[in-house]
Every structure is written in structure tokens, then in C-alpha cells.
Amino acid sequence: MPVLIDIFMCRTENYGYLVHDLETRKTAAIDAPDAGAIKSALNNRGWTLTDIIITHHHRDHVEGLPVLKADFDVTVTGPRAEAEKILGLDVMVGDNDTVMLGGTTFIVIATPGHTLGQIALYNSADGHVFTADALFSMGCGRMLEGKPGPMWEGLKHLRALPDHTLMYCGHEYSADNARFALSVDPRNAALNIRAAEVNRMRAQGQFTIPVSMGMEKATNPFLRADRPELARAMGLEPDVDPSIVFAALRAAKDTFT
Ligand SMILES: [Zn+2]
């Protein structure tokens, strides 16, 4: 049986997500950016929180954990590699493990780079992937802990997901990401169309998430680091290792204004 997903804003630009398994009525929060926002989303839906799945240790993804643990009988699952940095984990997982929410299965995909232990969660039956700060629409997280090679490999695992998969990321950064993407890939027709759509949606106060992985593969420069036009945009030879192009793109984005 399928799941319902509730999307809401937390803090300033964090997305909050609740995943509700219709058969068992179990409900998971993906990350805990803001206990108050999560509790009001639960109230609006009439759902009870049973699970929290944490993607990485950053404060804007875990700050709501203590209050939610105190208020609900929840199981908290998170990355084994960051267990020492995340207080209150009950279950620890790593790459290729599964996380169950009632009858719904999530596959854990390791996406190191933004943080070393960050995980993404893929529900193949419903076609959903929660990427947190590893992959944004038309962008990716800052490489705060990792190295370009493993980060690129992690993003390639996400890129291998079917085109129809809907991507739910950790922040609403699409408009800024589109500006950078257009600066390095200006002749990409799909990107130009998506950027215009994002600007229209943001002007109307709409969320730009979820977005299909097919759209991301066509528009996100960080998933296109093995394309010759992106190497050329970075002043590199087209046959250079894609992880070098990826590193150049990430560095260029860090200083892009
Ligand atoms: Zn983060």
C-alpha cells in the first residue's frame, strides 16, 4: 500500500517531511529540523509520530530530536558513521541497509561529502528518494567533510535511480541553484525551462520540491560532471576524470554570488 507525504517549511529554508504508511498508520519524520513545525504538521493530518529517520548530524536536521523523543514513542534511525554526533539514535544503518516503516521499505544509499556519514533514503515501491543535503534541485550540498571522488560516486548512485523517482531534498535552494547552473550550462534547454519554472513557482510562494530524478539528470550540473560541456565550462579537457570536473564545479559554486 502506498504512502502519503506531507511537505512543510521548517526554520527558514529547511524542508520538513512526514511519510505516512497508509496500511499501518505509522508515520516517520525525515530529519528533525524543528519540533514545533513537525508537531503542527502531525496535528493537521491527524497522524501520530512513530519513527524519525535522520540523514546527517547537522544541527538544522537534528535540533527537534529531544522534544520529539520526549513527546512521542518513536524509534530514531540514523547513520552509523555519525552515531557519536547524533544523540538519541536507537537504530544505526549504513549503505544498502533497509529501514522499514510498517510495510514500506527504504534502501539506505551512502552519500558522503556534505558530511562523511550522510545517507539518502530510497523507497522504490513508491518512487521516492529523500536526499537531504547530498542533492538539491539543480545543486548539491557544500563539501564540508568529504572528498570529491566519493561525493561524486555517491551522487552517481542517486543518478542511477529511475527517472520517475521523485526527489525530496533538505532545503529550498532551487532558485539560487538555477542561477549557478545556468552560468555553467547556459545552452541546456531543459535547464532553461526548469529555471524559468522555478522562478515562477517561487514568485507564487510554491515549493519547487519534489522534482523528478529525470529532470535532475537533465538539469543538475553536479549530476552532469561527466558531460564534455561541463568540463569545458570549468576550463578542463573533456576527457578529464569527472570527479575533477565535479570538484571544480563545487568550488565554483562555493564562491558564486
Ligand atoms: Zn547539512
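In the numbering used here, each residue carries its 1-based index in the sequence shown increased by 33. In this text, a Cβ means the ideal position worked out from N, Cα and C, and glycines have one as well. If you're wondering where the values come from, they're calculated on a predicted model, not measured in any experiment.
Below 8 Å, too few C-beta pairs join the segment 51-70 and the segment 210-218 to call them touching: fewer than three.
At least one heavy atom of ligand 1 is found less than 7 Å from the C-beta of G174. Distances from the alpha-carbon of D84 to those of G111, R78 and G69 put G111 closest. By DSSP's assignment, G172 forms a beta bridge with F169. If you draw a 10 Å sphere on the C-beta of H197, you find fewer than 16 other C-beta atoms in it, and that means exposed. In the structure shown, V273 falls within a coil segment according to DSSP collapsed to helix, strand and coil. Residue state for H161 is assigned as strand, using DSSP reduced to three classes. If only uninterrupted beta strand (DSSP E) runs of at least 3 residues are considered, those enclosed by the segment 189-226 are 199-202. Looking from the CA of D54, the closest CA among A65, D39, H90 and A68 belongs to D39.
H161 is not a Cβ neighbour of Y48, given a cutoff of 8 Å. Residues whose Cβ lies closer than 5 Å to any heavy atom of ligand 1, listed in chain order: H91 and D166. In the structure shown, V107 adopts coil according to DSSP, grouped into three states. Contact annotation: F105 and W185 have beta-carbon atoms that are not nearer than 8 Å. H53: member of the beta strand (DSSP E) spanning N47 to D54, first to last residue. The alpha-carbon of R233 is positioned some 34 Å away from that of G179.
For T88, the three-state secondary structure derived from DSSP is coil. Rounded to the nearest whole angstrom, the CA to CA distance from L199 to V126 is 23 Å. The DSSP-derived three-state label of F139 is strand. Cβ contact annotation for F289 (same chain, cutoff 6 Å, sequence separation greater than five): F213, in chain order.
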